[in-house]
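**Student:** Dumping the structure here so I can ask a few things about it.
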Amino acid sequence: MSKINIAVVGCGYWGPNLIRNFSQLTNVDRVFACDKDKNRLSKVRDHFPNINTTDNFENIINNTEIDAVAIATPVFLHHKLGKQVLESGKHLFIEKPLTSSVAEAKELLRLARENKKTLMVGHTFEYTPAVNKIKEIIDSGELGEIYYVDMSRLNLGLFQPDINVIWDLAPHDLSILMFVLGQRPTSVSAYGASHVIENIEDVAQVRIEFSNKLFALLHVSWLDPCKVRRATIVGSKKMLVYNDITPLEKIRIYDRGVESESSYDSFGEFHLSYRYGDIYIPMLSGIEPLKVECSHFVECILEGKTPNTDGQNGLNVVTILEATQESIKKNGIRVDLNWN
Ligand SMILES: NC(=O)c1ccc[n+]([C@@H]2O[C@H](COP(=O)([O-])OP(=O)(O)OC[C@H]3O[C@@H](n4cnc5c(N)ncnc54)[C@H](O)[C@@H]3O)[C@@H](O)[C@H]2O)c1
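Start counting at 1 in the sequence shown, then tack on 878, and there's your number in the numbering used here.
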């Protein structure tokens, strides 16, 4: 097989981006689109006149010409639709977060393994030039020992009816964190509050602990007047600020830090030296991350490779999300993460 046919299910805000990118790939022959809302399908046909459309998901499942399906529906449907896709013998791409629970995610992993099908999750940021550059910088040791990471993902809306702000916004930060640090956390604690829709938290703060005193603080909100997508990584040698809102110069590396000048016996001998060195901005390529992500999915199917953001990667994020929910319910207690 040198080309595949792929269907995108869910043509709301995000689905058309997947349709556009899959349509541009030379190793994709035909793209199908499915949405239960006929108006959404009519808009899709306006933009992509050659596309095959259906408002019935069963037509996608029963179509033996379709090799792979990408799910971009609301999160509560990810598991139900994804399960049918794998059981019908097709490869599966699911938007983030993989599922609404750990049990659901584990079932999809098992089905993919048993049916020998590719399972990939849309953790788009792991395909961005900026996040890959940050990983390269951390791995090179340029920042020194990482002390902590501070992340914010804030804006006004878009409220989701089926999930809270952590399940909506934090999957990106959690996948970025584990990718750049190269490790999974040991525990989380979370605080969240609902102001607009009862029992759906619209603002939350999460503390994520890793081994060796390393931790991350994450603030997510649908109730902020300003759009913020920022991460600060503080290391013993240098500090890095990643601002995803700016079109250029997304990463700045600050040669700044604080050092204890010498050992001291009393308060009078307490001396710290502050270093205010240069700031530099690494060059990043302008490639569209979603194009890299879609191309990677098709390549993995054709070459039998495991995706960088495979089912396990999706399960890791869902495991942390589920633990934050438990912590919120119990007033922010620390919830240990069991990775077995
Ligand atoms: N990777 C990213 O950066 C990114 C960005 C935005 C959204 N997303 C993810 O994409 C997914 C969709 O989000 P959205 O904002 O586009 O949602 P949306 O509500 O705008 O669109 C969902 C679409 O699914 C359709 N749908 C619902 N049930 C269906 C069914 N049974 N069969 C066929 N179609 C059905 C709806 O009619 C709607 O058009 C979510 O998982 C979200 O987390 C990912």
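Built from N, CA and C at the ideal position, the CB exists for glycine as well.
Given the structure, does alanine 1109 come close to ligand 1, in the sense that its CB is under 8 Å from one of the ligand's heavy atoms?
**Tutor:** Checking every heavy atom of ligand 1 against the Cβ of alanine 1109, none is found closer than 8 Å.
**Student:** At 4 residues or longer, and completely inside the stretch 892-973: list those alpha helix (DSSP H) runs for me, N to C.
**Tutor:** 893-901, 916-925, 935-940, 956-965
**Student:** Are the CB atoms of glutamate 1004 and asparagine 1191 nearer to each other than 9 Å?
**Tutor:** Yes, Cβ-Cβ distance for glutamate 1004 and asparagine 1191 is below 9 Å.
**Student:** Does the distance from the C-beta atom of valine 946 to that of phenylalanine 971 stay below 9 Å?
**Tutor:** Before going further, note that residue 946 is alanine rather than valine in the sequence given. Yes, these two residues count as a Cβ contact at 9 Å.
**Student:** Cβ of valine 1174 within 8 Å of any heavy atom in ligand 1?
**Tutor:** In the sequence under discussion, the amino acid at residue 1174 is histidine, which differs from the valine named in the question. Taken from the Cβ of histidine 1174, every heavy atom of ligand 1 lies 8 Å or farther away.
**Student:** Around the Cβ of glutamate 1127, are there at least 16 other Cβ atoms within 10 angstroms (buried) or fewer (exposed)?
**Tutor:** exposed
**Student:** Among all the DSSP beta bridges, which residues are the ones paired with alanine 1094?
**Tutor:** Val1027, Ile1086
**Student:** Between isoleucine 1041 and the rest of its own chain, which residues show a CB-CB distance below 6 Å, the 5 nearest in sequence each way excluded?
**Tutor:** Val953
**Student:** Tell me which same chain residues have a C-beta within less than 6 Å of the C-beta of proline 1167, skipping the five on either side of it?
**Tutor:** Thr1002, Tyr1005, Thr1006
**Student:** Who are the Cβ neighbours of aspartate 1228 in its own chain at under 6 Å, not counting the five residues just before and after it?
**Tutor:** This structure does not reach residue 1228, given that the chain is present from 879 up to 1218, and the question cannot be answered.
**Student:** Does the Cβ of arginine 988 have 16 or more other Cβ atoms within 10 Å, making it buried, or fewer, making it exposed?
**Tutor:** exposed
**Student:** Do leucine 1215 and threonine 1197 come within 9 Å of each other at the CB atom, strictly closer than that value?
**Tutor:** Yes.
**Student:** Any residue with its C-beta under 6 Å from a non-hydrogen atom of ligand 1 counts. Can you list them all in chain order?
**Tutor:** Val887, Gly888, Cys889, Gly890, Tyr891, Trp892, Gly893, Cys912, Asp913, Lys914, Asp915, Arg918, Phe935, Ala950, Thr951, Pro952, Val953, Leu955, Glu973, Lys974, Gly1000, Thr1002
**Student:** Would you report the Cα separation of serine 1163 and isoleucine 897, rounded to the nearest angstrom?
**Tutor:** 23 Å
**Student:** Any idea if lysine 974 is buried or exposed, counting beta-carbon neighbours within 10 angstroms, 16 or more meaning buried?
**Tutor:** buried
**Student:** Can you grab the Cα-Cα spacing for the pair lysine 1091 / tyrosine 1025, in whole Å?
**Tutor:** 8 Å
**Student:** Identify the residues that DSSP records as bridge partners of isoleucine 1297: which are they?
**Tutor:** Lying outside 879 to 1218, the shown extent of the chain, residue 1297 is not represented and no answer is given.
**Student:** May I ask you to report which of helix, strand or coil DSSP gives asparagine 1216?
**Tutor:** coil
**Student:** With a threshold of 7 Å on Cβ separation, who are the neighbours of proline 894 within its own chain once the five nearest residues in sequence on each side are excluded?
**Tutor:** Val922, His925
**Student:** Assuming the contact rule is C-beta atoms closer than 8 Å, arginine 1048 and valine 1084 should be a hit. Round their C-beta distance to whole Å, please.
**Tutor:** A quick correction: the sequence has alanine, not arginine, at residue 1048. Indeed, because the Cβ distance is near 7 Å, the residues count as touching under 8 Å.
**Student:** Comparing C-alpha positions only, which one of Tyr1069, His1149, Ile884 sits nearest to glutamate 1079?
**Tutor:** Tyr1069
**Student:** What's the call for tryptophan 1217, buried or exposed, on a 16-neighbour Cβ count within 10 Å?
**Tutor:** exposed
**Student:** Alpha carbon to alpha carbon, what distance is there between leucine 1096 and isoleucine 1131?
**Tutor:** 20 Å
**Student:** Under 6 Å Cβ to Cβ from serine 978, same chain only, skipping five residues before and after it: list those, please.
**Tutor:** Val953, Phe954
**Student:** Between the C-alpha atoms of serine 1138 and tyrosine 1154, what's the straight-line distance to the nearest angstrom?
**Tutor:** 15 Å
**Student:** Roughly how many whole angstroms lie between the Cα atoms of lysine 961 and valine 1213?
**Tutor:** 29 Å
**Student:** Would you be able to state if there are at least three C-beta pairs under 8 Å between the stretch 991-1000 and the stretch 1030-1046?
**Tutor:** Flag = no, the stretch 1030-1046 and the stretch 991-1000 do not touch.
**Student:** Just to confirm before moving on: does the CB-CB distance between alanine 1109 and serine 1030 stay below 9 Å?
**Tutor:** Yes, the pair counts as a contact, with Cβ atoms nearer than the cut-off.
**Student:** Just the Cα atoms here: how many angstroms apart are isoleucine 1159 and histidine 1174?
**Tutor:** Those two C-alpha atoms are separated by around 28 Å.
**Student:** If alanine 1094 sits next to leucine 1055, beta carbons under 8 Å apart, how far is it from one beta carbon to the other, in whole angstroms?
**Tutor:** 6 Å
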